[in-house]
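Quick note on numbering that gives the first Met the number 0: the sequence shown kicks off at 0 and runs consecutively. All residues carry an ideal CB built from backbone N, CA and C; glycine is no exception. I have placed the structure first, in the form of structure tokens, so that the comments after it can refer back to it.
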Amino acid sequence: MGLMGRVLGVGGAAKSMGAAVTGVAEVFVGNRAAREAAASAQLTTALGQYGAEFASVRASRFDGFMNGLNRLPRPLLVGGTLGLFVYAMFAPAGFSVRMQGLALVPEPLWWLLGAIVSFYFGARELHYRREGALPAIPIVMAARSVTQAEVAAVADPAASGQTFDAAAAPDADLEPDPAPAAFFGRPAPRPAPPLAVAARAADPQFNAALEEWRQLRA
0 MGLMGRVLGV
10 GGAAKSMGAA
20 VTGVAEVFVG
30 NRAAREAAAS
40 AQLTTALGQY
50 GAEFASVRAS
60 RFDGFMNGLN
70 RLPRPLLVGG
80 TLGLFVYAMF
90 APAGFSVRMQ
100 GLALVPEPLW
110 WLLGAIVSFY
120 FGARELHYRR
130 EGALPAIPIV
140 MAARSVTQAE
150 VAAVADPAAS
160 GQTFDAAAAP
170 DADLEPDPAP
180 AAFFGRPAPR
190 PAPPLAVAAR
200 AADPQFNAAL
210 EEWRQLRA
């Protein structure tokens, strides 16, 4: 068959015809592989940006030393408070003298100490919450699925169950009457997309959700 095709010249003509048909089809419906590659590249770029925001920088020796100092007050407060009970049992006389000294501390100074301890514990809790990276993948994946669904609906209205009428495109802003659809138990059809949006659906960088948002803002 290959020899007959070369003799009759059918193989080259068939390839040329197939390439021509493919080129004409891509003008109207676009290249699906290119759209999927563009969507994948967009998702990868978005995830890379989110990862760069939550990337942790390697701490230096000074940072490690300061982190160690920041961890000391809490165990010291707990250990010191429990140590007072032990000290009161083993040396009651010395403990009473120390407590009389604490009674001489003015009340505003106790308020200041309480504020310092409260702000310290609050700052440490906020620091640990900031270190935890929030999961951004579900948000990005949801936005990507909506975008692909909108692009597929515009590029192939027959497959998505929608109809597109070029004559009715200027009146696309008019909302359809939901009464007949509600009477037959079917959802009301969405308005047909404008002709300009349908023509741009072949562009791999086309974003149907963004175009719809711009139309609502206009």
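Distance, residue j Cα to residue i Cα
| i | j | result |
| --- | --- | --- |
| Ala168 | Ala51 | Note that Ala168 has pLDDT 47, beneath the 50 cutoff, so the model's placement of it is unreliable and the number below is only indicative. Going from the Cα of Ala168 to the Cα of Ala51 covers about 43 Å. |
| Val96 | Pro74 | 25 Å |
| Tyr86 | Phe118 | 29 Å |
| Leu111 | Gln99 | 20 Å |
| Phe53 | Phe64 | 23 Å |
| Leu83 | Arg60 | 34 Å |
| Ala102 | Leu108 | 12 Å |
| Gly93 | Thr80 | 16 Å |
| Arg216 | Leu42 | 25 Å |
| Ala114 | Glu106 | 13 Å |
| Leu125 | Ala45 | 26 Å |
| Val77 | Asp62 | 24 Å |
| Asp202 | Ser39 | 15 Å |
| Ala166 | Ala208 | Unreliable placement is indicated for Ala166, whose pLDDT of 49 sits below 50; the coordinate value is still reported in the next sentence. Cα to Cα, the separation comes out at about 23 Å. |
| Phe89 | Asn66 | 35 Å |
| Val116 | Ala32 | 59 Å |
| Tyr127 | Gly47 | 23 Å |
| Pro72 | Arg129 | 21 Å |
Beta-carbon proximity check, residue i vs residue j, cutoff 8 Å
| i | j | result |
| --- | --- | --- |
| Pro206 | Arg123 | The amino acid occupying residue 206 in the given sequence is Asn; Pro does not appear at that position. Result no, Cβ atoms of Asn206 and Arg123 do not sit closer than 8 Å. |
| Ala37 | Gln214 | no |
Burial state of residue i, where buried means 16 or more other Cβ atoms lie within 10 Å
| i | result |
| --- | --- |
| Trp212 | exposed |
| Glu35 | exposed |
| Leu133 | Since pLDDT at Leu133 reaches only 46, below the 50 mark, its modelled position is unreliable, and no value is offered. |
| Glu210 | buried |
| Ser15 | exposed |
field: Segments assigned alpha helix (DSSP H), at least 4 residues, entirely inside the region 69 to 107
entry: For the region 69 to 107, whole alpha helix (DSSP H) runs of length 4 or above, ordered along the chain, are 72 to 89 and 91 to 102.
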